[in-house]
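Engineer: With positions in the sequence shown counted from 1, the corresponding number in the numbering used here is that position plus 21.
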Amino acid sequence: MKIFIKYFGLIKDITNLKEEVFEIKNNMSVLQFVQENLYSKYSDLIEIDFRIAINNNFCDNNHQINNEDHLSLLPFFSGG
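As structure tokens, then:
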């Protein structure tokens, strides 16, 4: 399956990318994708708290990823 990833904030700084395309296996959850793909490629992400939105909707870690999904990785923001 092909999925599209957008990185924001500190995550964009860690990856040095705004966007990336991944080829992943079928029937993968968000948690599996993060552990098997992102953490292995970008180990500094392990230290970052972030949320994931799929197709512009926040999801939980058990959400199944589908072919052609668009994932956004958003670090927690602070300020005021």
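We put the beta carbon where it would ideally sit given N, CA and C, even for glycine.
What does a CB cutoff of less than 8 Å around L31 pick up in its chain, not counting 5 residues either side in sequence?
Structural biologist: So the qualifying residues of the chain are I69 and P96.
Engineer: Measure the Cβ-Cβ separation of N82 and L52 and say whether it is below 8 Å.
Structural biologist: For N82 and L52, yes; Cβs fall inside 8 Å.
Engineer: Run through the region 25-60 for me and flag every whole beta strand (DSSP E) of 3 or more residues, listed as ranges in chain order.
Structural biologist: Listed in chain order, they are 40-44.
Engineer: Just curious, the beta strand (DSSP E) that H91 is in, first and last residue?
Structural biologist: Element bounds for H91: H91 to P96.
Engineer: Have a look at I24 and R72 and give me their C-alpha separation to the nearest angstrom.
Structural biologist: Cα to Cα, I24 sits roughly 17 Å from R72.
Engineer: Out of I67, E89, E44 and S50, state which residue places its alpha-carbon closest to the alpha-carbon of T36.
Structural biologist: Of I67, E89, E44 and S50, the residue nearest in Cα terms is I67.
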